[in-house]
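Have a look at the structure below before the remarks.
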Amino acid sequence: MRIGEILEAKASGGVVTITPDAGVRELIALLAEHNIGALIVSRDGASVDGIVSERDVVRHLHHDGTVINNTVAAIMTSAVETCAPDDDLDAVMSTMTSRRFRHVPVVDGDRLAGIVSIGDVVKHKIDRLQFERDQLDSYVHQS
Ligand code: AMP
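Residue numbers (the numbering used here): 1 to 143.
Below, the structure is given as structure tokens:
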């Protein structure tokens, strides 16, 4: 299974991005409004300049409450691990597990094409298991 197929199966609506100079308050509002765990940081909506997740917010706030008045650039991760639409899902899943993050932006050429979360991966795996179970069930019960 390729990453591109996971993106196609997701409800469309584009990727939510935020600029590095936006405020942490705006970031929290966007995470809450869209009910998501991470945003891609992009100056122009096409490049990937960073990623910022709810974990970054919690970690930084724990150390310094005034970070709420800072910009996204102050708490984001700049060295972003990305994948391509042609990449294999299992390889991306193994990167997520070993690097301990739950989001990977998908880049097509040099343009942001989407984001894959651990939730998308788990949903796909469950759908696949359900399909295989149904196939085996009908095989066993056919007359
Ligand atoms: P997450 O598990 O995705 O909420 O992120 C945990 C930590 O990893 C946070 O510090 C994120 O900024 C960082 N992070 C999340 N996704 C990526 C990624 N694809 N590449 C690099 N760092 C990431």
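Yeah, the Cβ is synthetic: ideal placement off N, Cα and C, and Gly gets one too.
Taking the C-alpha atoms as reference points, what is the distance between residue i and residue j?
i	j	result
ASN70	HIS62	14 angstroms
VAL140	ALA84	39 angstroms
MET96	ARG2	15 angstroms
HIS103	VAL116	6 angstroms
VAL16	ARG99	23 angstroms
LEU30	ASP64	21 angstroms
VAL121	ILE6	8 angstroms
Excluding five sequence neighbours on each side, which residues of the same chain lie with their C-beta closer than 8 angstroms to the C-beta of residue i?
i	result
ARG43	THR19, PRO20 and ASP49
LEU112	VAL15, THR17, ILE40, SER42, GLY45, ALA46, SER47, VAL48, PRO105 and VAL106
Give me the DSSP bridge partner(s) of residue i.
i	result
THR77	ILE51
VAL60	Per the sequence presented here, residue 60 reads as His, with Val not at that position. Paired residue(s): none; HIS60 is not in a bridge.
SER98	DSSP output for SER98 lists no bridge partner at all.
SER117	HIS103
ARG111	ASP108
Going along the chain, which residues of its own chain have a beta-carbon closer than 7 angstroms to the beta-carbon of residue i, five neighbours each way excluded?
i	result
ILE28	VAL57
ASP86	ARG2 and GLY4
Excluding the 5 residues preceding and the 5 following residue i in the sequence, name in chain order all residues of the same chain whose CB lies nearer than 6 angstroms to its CB.
i	result
HIS197	What the structure shows of the chain is the stretch from 1 to 143, and residue 197 is not part of that stretch, so it cannot be assessed.
### Query
Counting Cβ pairs, one atom from each stretch, are 3 or more of them under 8 angstroms apart for the stretch 125-137 and the stretch 104-113?
No contact exists between the stretch 125-137 and the stretch 104-113.
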